[in-house]
Amino acid sequence: MKNSTVEKVAVINSYIEAKDSTNSNHAGGLAGDINIGCTVSNSFVRDTTVKGAKDRIGGFAGRIYGTSTNKTTVSNCYVQSTTAEVVGASGALTNAGGFVGYYNIASDSGGVINCYSAIKVTNGGGFAGNVASNGKSGAASNYFDTQVAGTTTDGLGPSLGVSGKTTAEMKQQATFAGWDFTNIWRINEGQDYPRLRWEQ
């Protein structure tokens, strides 16, 4: 998608597989490619498997891309499942992620903010997979469940706005400092991950 606004979208119990092993797949639970000029918020993907034969495979998006003239922002979104998984191609470790397969947000070009992933990942990063060398900006206050993902590895990591946490930590409001639990999020403390209020 390009130049789009997406809000309050849910993808549940789905299966997505990109079988082309020659070209970049761009496969994601909500969108294959969240491209220039997009604003995505208050949306989630649950119990949805995403597989790819090559690269850019993500639980939420295969790629997230923005520029300074066409910003892209993804905020207050999540991927969660205890049964589904994100599966990248063998040998393409850096091109799949629990939330996004390929992250490319340059300085002052948008970003991914207040999002999390809690899904098993094979051949990929817990939250982000590959990150463009000149597109490492804009991520802040994002988290992934290291126990569910099965990895502590992430393409972005703590210094670039993504932190890995245990399952117990992911079910504590204190983990998500700065998130709006009055208007946007809710949590059943100690029992469940954060959920969006509009889901009720």
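Numbering of the sequence shown is given in my numbering, commencing with residue 13 and proceeding in unit increments.
All C-beta atoms in this analysis are idealised placements derived from N, C-alpha and C, irrespective of residue type, glycine included.
Nothing here was measured: the structure is a model prediction, and the numbers come from that model.
query: Pull the bridge partners of residue 175 from the DSSP assignment, please.; result: 155
query: In chain order, what are the residue ranges of uninterrupted beta strand (DSSP E) at least 3 long that sit wholly in the segment 77–129?; result: 84–87, 90–99, 112–117, 122–125
query: What's the C-alpha gap between residue 112 and residue 147?; result: 13 Å
query: Can you check DSSP and say which residues form a bridge with residue 70?; result: 40, 109
query: Please list, in chain order, all residues of the same chain as residue 164 whose beta carbon is under 8 Å from its beta carbon, the five residues on each side excluded.; result: 138, 158, 176
query: So, under 8 Å CB-CB, residue 117 and residue 150 are touching, yes? Tell me the CB distance rounded to an integer number of Å.; result: 4 Å
query: Between residue 181 and residue 132, which are expected to be in contact by the criterion C-beta below 8 Å, what is the C-beta distance as a whole number of angstroms?; result: In fact, because the Cβ distance is near 18 Å, the residues do not count as touching under 8 Å.
query: What three-state label does DSSP hand residue 210 in the structure shown?; result: helix
query: Could you please give the first and the last residue of the uninterrupted beta strand (DSSP E) stretch that includes residue 17?; result: 17–19
query: When DSSP labels each residue in this structure, what does residue 194 get in the three-state scheme?; result: coil
query: Let me confirm a value: residue 156 is counted as buried when at least 16 other C-beta atoms fall within 10 Å, else exposed. Which label applies?; result: buried
query: Taking DSSP as the reference, what is the three-state secondary structure of residue 161?; result: helix
query: Note down the Cα distance separating residue 105 from residue 135, rounded to an integer number of angstroms.; result: Caution applies to residue 105, whose pLDDT of 49 falls short of 50 and renders its modelled position unreliable; the model cannot decide the point.
query: With distance defined between alpha-carbon atoms, name the residue in 59, 54, 64 nearest to residue 89.; result: 54
query: Give me, in chain order, the residues of the same chain whose beta-carbon lies closer than 8 Å to that of residue 101; leave out the 5 immediate sequence neighbours on both sides.; result: 33, 64, 65, 66, 67, 69, 107, 108, 135
query: Distance check for residue 160 and residue 184, CA to CA, integer angstroms please.; result: 16 Å
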